[in-house]
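Chemist:
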Amino acid sequence: MPDVQALVNDFVLKLKRRKIEGSHASAQHTAELLRSVISHQRMPYTNQAGALIDAVKAVGEQLIAANPVELAVGNIVRRVLHIIREEDLSSTATAIEGLGLSAGSDDDDEGQHEDRPALSAAALAAAARSTLRAPSLQTLLEDIPDSAAAPQPPSSGGDSEGKSKSADKNIRSRKLKHDVIEAINELIQDIDTCHEQISEQAVEHIHQNEVILTLGRSRTVKEFLCAAKEKNRSFRVFVAEGAPRYQGHVLAKELVSKGIQTTVITDSAVFAMISRVNMVIVGAHAIMANGGVIAPVGINMVALAAQRHAVPFVVVAGSHKLCPLYPHNPEVLLNDLKCPSDLLDFGEFSDCMDFGSHGGSPLLHVVNPAFDYVPPKLVSLFITDTGGHNPSYMYRLIADYYSADDLVVKRRSTS
Amino acid sequence: MWLRSASFVLDQRQQQEEPSSFFYDPRFYDPRDPAQLPPPSPSIDPMDQNPNPNHGISAYYQTRAEHHAVVTSDWLAQAQAAVGRDAAPSSGRPTAAASSSSAARTGSVGGGGKPFSVIDEFNYWRKKPDLAEAVAAIMALAAVIRSSEATTMMELEIELKKASDTLKSWDTTSISLSAGCDLFMRYVTRTSALEYEDFDAAKLRLIERGEKFGEISLKARRTIAMLGQDFIFDGCTILVHGFSRVVLEVLKLAASNRKLFRVLCTEGRPDRTGLRLSNELAALGVPVKLLIDSAVAYTMDEVDMVFVGADGVVESGGIINMMGTYQIALVAHSMNKPVYVAAESYKNDSCELLQFARLYPLDQKDLAPALRSIDFGVPIPSGVEVETSARDYTPPQYLTLLFTDLGVLTPSVVSDELIQLYL
């Protein structure tokens, strides 16, 4: 499948060069790319789900490495993996014969490569979790030893049955692929329509004559506000301009064209204006598993101001921004340092940039971080396409969208 | 002669190596201008600025110790002994000697010639450095089954019940001990093991399962270590309170992954668990600093994260742990430092829940107090009460994340999981 590989390389290059930016665009591209990867994947006789998962993981690994800060890419990869697992489970459940073959073989594999670090940690946690979800606690004693003690070879039982049912299996394999592609299409559609679904809830949150504050420009926020306007709510919006990219100016123009009363303020005026504000609505770059938010720079300041004046701080985000990872040191590790040309024009500080003196390093540094991390306690509400949620509820959504085996997207070296 | 407290013994060792000491900065004791710069502590005589120029110990605390004479020579001897002794694994339980007699009295189960004591068995397993207490309890109970001469399930059950009651009454303070006992009892009384036709087969199965549990626990600890070590980044400073094998495992793994970090250990009075932990960490080559328990707030601003273990995790998502955890969590919370808890999932307080329907402590006194004798080194005057509780309850809002073998959980997830289990 050389054409798929070319597509992958092309996308990796685009991600690396930051040609594709923004979680919406990258999520969509990732989903489309993975769909073509799956449709070109040749299906083996046995363990088709495993083959699909390996193929997706191989591609996903490259994509995540290309731009680790763009968390949406990883999210979509994990969503697709989850879809494959779910579809496989449901298809094996309907065809009772092959049950335990593909689903079981995954577990056994993990049991065998248990000495491998991070991957097996997550997998073991998942295994422990699933056993604990079972009716009672004594499964802790019952089940884990079973899988550890008797890793029965997955092929021995499956093969004999597999041969007799080969015709049936062939149909089933095509069906699995078909189902997965169907589900990915749905996912792509979800990503497309998440704005509409979020903005449907706008009237529940924005009331007559309220004052809303936002910072920078987010498409989700724009559609959210416009939807409230279309339902004939009249309200005012303060837009902090969002230095250094001044996307707030763009948003203000868009809002005015829809007939919303808009006031542009500087970022530094947020604290001065917050006492008049009824609600802060902002977009996000990613939502982490603990309910923390990675958002455009400046939003943490807004969140702190909102907390100081007890103003509700609402984050609107599509579910593709929901990331199942916990942030470690997010201010540094999940941040992107942008080009300083946003801050100052070329040559503006050239006299300070004298590399000749002071041992070759200039006295002046210009740093332009792209993101802020907002801790979960500052967030009052998340509005996603499935409704409004508390920060402490995020883990539940994540359990719905992702399977715990996929938290670390890395291929096993043996496969 | 001026006498020192336990922590000063260690302080001095360190300061002998680097003689420059904050307390002896001469600027603080400027004799020329006593009015403009008053002496930093009331007990320092301005006429006698350097009473003890040779060792770098705070003059304030020297004189204070002299005045109040709280510190006695046998305390010092004890402290020095403790420093020397902490290499020996898990020794020095004050109750150990007292209980051996009670063990002989009540602990012998199973008839026959050789008396078998659960508690001896338990102590044997407990001495093993990498076995958690709950596992040791299960091992001991498995040994009871092995040595039992019962011929029916009922007899065996009664014997086990007796043994586990003995174990539990031997050390009522340990949650994980009683959790281990209850878990195993529940397993014996209610599992499919009872469905076996053959009594011997059922017995064998029970023993086998009991011994597997040790492996499960070890595996759980490894999982936790892998999850937890991601949170340790290069150059960070970690405050650890109490001795927890899981926390030690996390730090060990991080150290073996060549992460560079520094650990601050609290002393962990009265049983000096921090000394033991610092000993283990020093052996790994991790830079360790010991603090007295009251120095937590003083050092918190240089700390990046707090790591604690847990004796038990309760339904609210809070933890029960060694005395002092609550105040450390409070200090960390007020300074915006993350508090991470490492705990194995069987410590999720299932058994308590089964017994008392639910354990949802609302304040410290809601817990049955786990008392422990505290040695102050000097006779306490009659009529003076001593707070002897060994553990406290830390509410969930002061915890950041829990690392369990079920994955990384926020406290609210813990309560969700537990509620799902015991609906």
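Protein chains in written order, with my numbering: chain A, -17 to 397; chain B, 609 to 1031. Where a beta carbon is used, it is the ideal one built from N, C-alpha and C, also for glycine. Just so you know, these numbers come straight off a predicted model, no measurement behind them.
(1) Any beta carbon of chain A sitting closer than 8 angstroms to that of THR1018(B)?
(2) Once the 5 residues before and after LYS204(A) are set aside, which same chain residues still bring their CB inside 8 angstroms of it?
(3) Have a look at ILE65(A) and TYR375(A) and give me their C-alpha separation to the nearest angstrom.
(4) Could you spell out where the alpha helix (DSSP H) holding ILE936(B) opens and where it closes?
(5) Can you look up SER997(B) in the DSSP assignment and give me helix, strand or coil?
(6) For MET930(B) versus GLY843(B), is the C-beta distance shorter than 8 angstroms?
(7) Alpha carbon to alpha carbon, how far is ASP367(A) from ASP249(A)? Give it in angstroms, no decimals.
(8) Whole angstroms is fine: what's the gap from GLU164(A)'s alpha carbon to LEU15(A)'s?
(9) Among residues of its own chain, excluding the 5 on either side of ARG829(B), which ones have a beta-carbon nearer than 6 angstroms to its beta-carbon?
(10) Give me whichever residues DSSP pairs with TYR948(B) in a beta bridge.
(11) Taking three-plus beta-carbon pairs below 8 angstroms as touching, is the region 1010 to 1023 of chain B in contact with the region 914 to 924 of chain B?
(12) Using a Cβ-Cβ distance under 8 angstroms, would GLY882(B) count as near chain A?
(13) Output the distance between the C-alpha atoms of SER1023(B) and GLY925(B), rounded to the nearest integer angstrom.
(14) For the beta strand (DSSP E) containing GLY1015(B), name the first residue and the last one.
(15) Going by C-alpha distance, which of GLU819(B), ASP879(B), GLY788(B), PHE839(B) is nearest GLY985(B)?
(16) If you reduce the DSSP assignment to three classes, tell me which class ILE242(A) lands in.
(17) Nearest chain B C-beta to SER332(A) closer than 8 angstroms, yes or no?
(18) Short check: CB of PHE869(B) to CB of ILE846(B), under 8 angstroms?
(19) Taking all protein chains shown into account, decide if MET913(B) is buried (16 or more other Cβ within 10 angstroms of its Cβ) or exposed.
(20) Specify whether the region 32 to 46 of chain A and the region 185 to 197 of chain A touch according to this definition: at least 3 beta carbon pairs, one from each stretch, less than 8 angstroms apart.
(21) Going by C-alpha to C-alpha distance, which of ILE824(B), LEU975(B), ILE900(B) sits closest to VAL848(B)?
(22) Compare the Cα-Cα distances from LEU975(B) to each of SER981(B), ASP983(B), ILE982(B), SER997(B) and report the closest residue.
(23) What are the boundary residues of the beta strand (DSSP E) that MET930(B) is part of?
(24) Count the other C-beta atoms from every protein chain shown that fall within 10 angstroms of the C-beta of ARG156(A), then say buried if there are 16 or more, exposed otherwise.
(25) Is the CB of ASP909(B) under 8 angstroms away from at least one CB in chain A?
(26) Considering Cα atoms alone, identify which of VAL279(A), GLN179(A), SER181(A) is closest to ARG227(A).
(27) Output, in chain order, the set of chain B residues within a Cβ distance shorter than 9 angstroms of SER374(A).
(28) Counting only beta-carbon separations shorter than 8 angstroms, does GLN644(B) have a partner in chain A?
(29) Using a Cβ cut-off of 8 angstroms (strictly closer), state whether LEU826(B) contacts chain A.
(30) Against PHE1036(B), what residues of chain A qualify as contacts under a CB-to-CB distance less than 7 angstroms, listed in chain order?
(31) Restricting to Cα atoms, I'd like to know which of SER200(A), ASP388(A), THR244(A) is closest to CYS305(A).
(32) DSSP three-state call for ARG218(A): helix, strand or coil?
(33) With a cut-off of 8 angstroms, does the C-beta of LEU1009(B) fall near any C-beta of chain A?
(34) How about ARG24(A) and SER385(A): do their beta carbons lie closer than 8 angstroms?
(35) Please go through the region 308 to 387 of chain A and give each complete alpha helix (DSSP H) segment of 4 or more residues, from N-terminal end onward.
(36) How is the beta strand (DSSP E) around LYS897(B) delimited, first residue to last?
Modeler: Concretely, from the data shown:
(1) Start at 1 with the first residue of the second sequence, and residue 1018(B) comes out as number 410. It does; some Cβ of chain A falls within 8 angstroms.
(2) Sequence index remark: in the first sequence, residue 204(A) carries index 222 (1-based). Hits under 8 angstroms: LEU233, GLU236, LEU237.
(3) By 1-based counting over the first sequence, the position of residue 65(A) is 83. By 1-based counting over the first sequence, the position of residue 375(A) is 393. Roughly 22 angstroms between the two C-alpha positions.
(4) The residue given as residue 936(B) occupies position 328 in the second sequence. Segment 933 to 942, the alpha helix (DSSP H) holding ILE936(B).
(5) Mapped onto the second sequence, residue 997(B) falls at position 389. Correct three-state label for SER997(B): strand.
(6) What you label residue 930(B) is simply residue 322 of the second sequence in a count that begins at 1. What you label residue 843(B) is simply residue 235 of the second sequence in a count that begins at 1. No, the pair does not count as a contact, with Cβ atoms beyond the cut-off.
(7) One-based indexing of the first sequence puts residue 249(A) at position 267. One-based indexing of the first sequence puts residue 367(A) at position 385. Distance between the alpha carbons of ASP249(A) and ASP367(A) is about 29 angstroms.
(8) Walking along the first sequence from the start, residue 164(A) turns up at place 182. Walking along the first sequence from the start, residue 15(A) turns up at place 33. Cα-Cα distance, rounded: 14 angstroms.
(9) Within the second sequence, numbered from 1, the residue matching residue 829(B) stands at position 221. Same-chain partners within the cutoff: VAL854, GLU857.
(10) Translated into the one-based positions of the second sequence, residue 948(B) becomes position 340. Partner(s): PHE915(B), LEU1009(B).
(11) yes
(12) If you number the second sequence from 1, residue 882(B) lands on position 274. With 8 angstroms as the cut-off, GLY882(B) does not count as an interface residue toward chain A.
(13) As a working note, residue 1023(B) is residue 415 in the second sequence. As a working note, residue 925(B) is residue 317 in the second sequence. Taking the straight line from one Cα to the other gives about 5 angstroms.
(14) The sequence position of residue 1015(B) within the second sequence is 407, counting from 1. Unbroken beta strand (DSSP E) run through GLY1015(B): 1015 to 1017.
(15) The residue given as residue 985(B) occupies position 377 in the second sequence. Taking only the C-alpha atoms, the option nearest GLY985(B) is ASP879(B).
(16) Taking the first sequence and counting its residues from 1, the one referred to as residue 242(A) is at position 260. It is coil, neither helix nor strand.
(17) Within the first sequence, numbered from 1, the residue matching residue 332(A) stands at position 350. No, its Cβ sits nowhere closer than 8 angstroms to a Cβ of chain B.
(18) Here the question's residue 869(B) lines up with position 261 in the second sequence. Here the question's residue 846(B) lines up with position 238 in the second sequence. Yes. Within cutoff.
(19) Counted from its first residue, the second sequence places residue 913(B) at position 305. Buried, since its Cβ has 16 or more Cβ neighbours within 10 Å.
(20) no
(21) Position 240 of the second sequence, counted from the first residue, corresponds to residue 848(B). It is ILE900(B) whose Cα lies nearest to the Cα of VAL848(B).
(22) Indexing the second sequence from 1 puts residue 975(B) at position 367. Of SER981(B), ASP983(B), ILE982(B), SER997(B), the residue nearest in Cα terms is SER997(B).
(23) Counting from 1 along the second sequence, the entry for residue 930(B) is found at position 322. It spans 927 to 930 - the beta strand (DSSP E) in which MET930(B) sits, taken as one unbroken run.
(24) Mapped onto the first sequence, residue 156(A) falls at position 174. Label assigned to ARG156(A): exposed.
(25) Here residue 909(B) refers to the residue found at position 301 of the second sequence. So, not an interface residue.
(26) On the first sequence, position 245 is the one that residue 227(A) refers to. Looking at the Cα atoms, VAL279(A) is the closest of the given residues.
(27) As a first step, residue 374(A) must be located in the first sequence, where it is residue number 392. The answer, in chain order, is THR1018, PRO1019, SER1020, VAL1021.
(28) By one-based count along the second sequence, residue 644(B) stands at place 36. Note that GLN644(B) has pLDDT 47, beneath the 50 cutoff, so the model's placement of it is unreliable and no number is given.
(29) For the purposes of this step, residue 826(B) is taken as residue 218 along the second sequence, with counting starting at 1. Answer no: the Cβ-Cβ gap between LEU826(B) and chain A never drops below 8 angstroms.
(30) Examination of residue 1036(B) is not possible in this model, given that chain B is present from 609 through 1031 alone.
(31) Against the first sequence, residue 305(A) aligns to sequence position 323. Nearest option by C-alpha distance: ASP388(A).
(32) In the first sequence, counting from the first residue as 1, residue 218(A) sits at position 236. Here ARG218(A) sits in strand by DSSP.
(33) Locating residue 1009(B) in the second sequence gives position 401, counting from the first residue. Closer than 8 angstroms: yes.
(34) For the purposes of this step, residue 24(A) is identified with residue 42 of the first sequence, where counting begins at 1. For the purposes of this step, residue 385(A) is identified with residue 403 of the first sequence, where counting begins at 1. No, these two residues do not count as a Cβ contact at 8 angstroms.
(35) 312 to 315, 376 to 383
(36) As a working note, residue 897(B) is residue 289 in the second sequence. From DSSP, the beta strand (DSSP E) with LYS897(B) extends over 896 to 899.
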